[in-house]
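S.K.:
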Amino acid sequence: MAIASLDNGNAGGHFAAMRRKIIIDTDPGQDDAVAILLALASPENIEVLGITAVAGNVPLPLTQRNARIVCELAGHTSIPVFAGCEAPLSRKLVTAEHVHGKTGLDGPQLPDPTMALQDAHGVDFIIETLRREAAGSVTLCPIGPLTNIATAFQRAPDIIGRVQEIVLMGGAYFEVGNITPAAEFNIYVDPEAADIVFKSGVTTTVMPLDVTHKALTTASHVQGFRSMGTHVGRMVAEWTDFFERYDKEKYASEGAPLHDPCVIAYLIEPEMFQGRHVNVEVETGSDLTLGMTVADWWGVTDRPKNAQFMGSVDADAYFSLLTSRIARL
Ligand code: RIB
Ligand code: CA
């Protein structure tokens, strides 16, 4: 990507690294799992208020199960895990077992979770948390389809102004799509939800494929996980061994993009990312380009700038943060 001028992660009124209270909205997915582990391994930077599962990579019964498996693996069974929406706002669910396997966490054998799933619906948890916590003190970290977030905003518009920031993994512009020629998976699964989120007015930082495709699980990076000598490190290496096969073959690359942990790494070390504050809109009409995130990178329209759209990352810093933090678990 020929990027003339990039600003760092704090431009456009964004927040420097400070201790954050976050809700992770997720569809585990091996890369989601690594993002959750990074968050739980970084208490000096992040307080995880809860994890809300959404249908995406695999159906909801599996994503909520997988979220609990990851919390148990990390030894954090007190983190409340909620099941959210089981289908997009108005479309049939599209899943990604071809990448993540039938369970969504294929690779290592993992025991069934024993920690309880919370009774409340994930959307209700998002609404109640934002109403309870001080306004502007909670960051939403969606790393799957945006159905839960959009449903919460529709059901309780009063919470929109109370969100500190949305930091999401999704979208693509120069990197083009991964589930269709035009669209990235998280946006494609529920484009109407993404449209609601991108038009919400909340300060939003986006980790699109443009940046995640520069964070590849090369052999040396995976060796960094394996040589931790911990059970968690071995699990992460085996997840990577499984899910990277699809992208390595598709892109004939040295490794697969480790998408979702970019969201958490941004909260800890925003300076490792660079991007630009631009307008981003979501295609919800055309079958050909459904779910495409159209980024006005060169400012050729007067559409309002609504997203810090990341385009590059210091991959060595990224993987060194991942290995140093996950080694703590
Ligand atoms: O396109 C990548 C995204 O889709 C990641 O969040 C991955 O987990 C899948 O959900
Ligand atoms: Ca995901």
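Using the numbering used here, the first residue of the sequence shown is number 1149, and each one after it goes up by one. All residues carry an ideal CB built from backbone N, CA and C; glycine is no exception.
For a test of your reading of the model: does the CB of Asp1179 fall under 7 angstroms from any non-hydrogen atom of ligand 4? Yes or no.
M.R.: Looking for ligand 4 in the displayed structure turns up nothing; the ligands present are ligand 1 and ligand 2.
S.K.: Can you tell me whether Gly1403 is helix, strand or coil according to DSSP?
M.R.: Taking the first residue of the sequence shown as position 1, residue 1403 is located at position 255. Coil.
S.K.: Under the criterion of a Cβ to heavy atom distance below 7 angstroms, does Ile1291 qualify as lining ligand 2?
M.R.: Here the question's residue 1291 lines up with position 143 in the sequence shown. Ile1291: yes, Cβ under 7 angstroms from ligand 2.
S.K.: Does the Cβ-Cβ distance between Ile1172 and Ala1187 come in under 8 angstroms?
M.R.: Indexing the sequence shown from 1 puts residue 1172 at position 24. Indexing the sequence shown from 1 puts residue 1187 at position 39. Cβ distance < 8 angstroms, so Ile1172 and Ala1187 count as in contact.
S.K.: Using CA atoms only, rank isn't needed, just tell me which of Thr1449, Lys1347 and Cys1410 is closest to Thr1365.
M.R.: Residue mapping note: residue 1365 aligns to position 217 of the sequence shown, counting from 1. Nearest option by C-alpha distance: Cys1410.
S.K.: Exposed or buried, which one is Gly1157 when buried takes at least 16 other CB atoms within 10 Å?
M.R.: As a first step, residue 1157 must be located in the sequence shown, where it is residue number 9. A caution first: Gly1157 carries a pLDDT of 45, below 50, which makes its placement in the model unreliable, though a value can still be read off. Classification of Gly1157: buried, given that the 10 Å Cβ count is 16 or more.
S.K.: What do you reckon, is the C-beta of Asp1408 under 7 angstroms from a heavy atom of ligand 2?
M.R.: Here residue 1408 corresponds to residue number 260 of the sequence shown, with the count starting at 1. Checking the Cβ of Asp1408 against ligand 2 gives yes.
S.K.: Looking at Gly1204 and ligand 2, is the gap between the Cβ and the nearest heavy atom below 7 angstroms?
M.R.: Sequence index remark: in the sequence shown, residue 1204 carries index 56 (1-based). Gly1204: yes, Cβ under 7 angstroms from ligand 2.
S.K.: Under a three-way DSSP split, which group does Phe1322 fall into?
M.R.: Residue 1322 sits at position 174 when you count from the first residue of the sequence shown. Note: Phe1322 maps to coil in three-state DSSP.
S.K.: Measuring only from the beta carbon, is Asp1175 closer than 7 angstroms to any heavy atom that is part of ligand 2?
M.R.: Counting from 1 along the sequence shown, the entry for residue 1175 is found at position 27. Checking the Cβ of Asp1175 against ligand 2 gives yes.
S.K.: Does ligand 1 have even one heavy atom less than 7 angstroms from the beta-carbon of Phe1230?
M.R.: Locating residue 1230 in the sequence shown gives position 82, counting from the first residue. Every heavy atom of ligand 1 is 7 angstroms or more from the Cβ of Phe1230, so no.
S.K.: Which parts of the stretch 1352 to 1395 are runs of the alpha helix (DSSP H), unbroken and 4 residues or longer, counting only runs that do not cross its ends?
M.R.: Complete alpha helix (DSSP H) runs here, min 4: 1357 to 1360 and 1367 to 1374.
S.K.: Suppose the cutoff is 7 angstroms on Cβ atoms and the five residues either side in sequence are ignored; what does the same chain contact list for Ala1385 look like?
M.R.: Against the sequence shown, residue 1385 aligns to sequence position 237. Same-chain partners within the cutoff: Val1370, Phe1373 and Arg1374.
S.K.: Give me, in chain order, the residues of the same chain whose beta-carbon lies closer than 6 angstroms to that of Ile1314; leave out the 5 immediate sequence neighbours on both sides.
M.R.: Taking the sequence shown and counting its residues from 1, one reaches residue 1314 at position 166. Here the set comprises Leu1288, Val1350 and Thr1352.
S.K.: Looking at C-alpha atoms only, which residue of Glu1220, Arg1476, Lys1347 and Arg1213 is the closest neighbour of Thr1378?
M.R.: Position 230 of the sequence shown, counted from the start, is the residue given in the question as residue 1378. Ranking the options by Cα distance to Thr1378, first place goes to Arg1476.
S.K.: Using only the alpha-carbon positions, how far apart do Phe1457 and Pro1290 sit?
M.R.: One-based indexing of the sequence shown puts residue 1457 at position 309. One-based indexing of the sequence shown puts residue 1290 at position 142. Phe1457 and Pro1290: Cα-Cα distance of roughly 15 angstroms.
S.K.: In this structure, what does DSSP give as the bridge partners for Glu1332?
M.R.: Position 184 of the sequence shown, counted from the first residue, corresponds to residue 1332. Per DSSP, none; premise fails for Glu1332.
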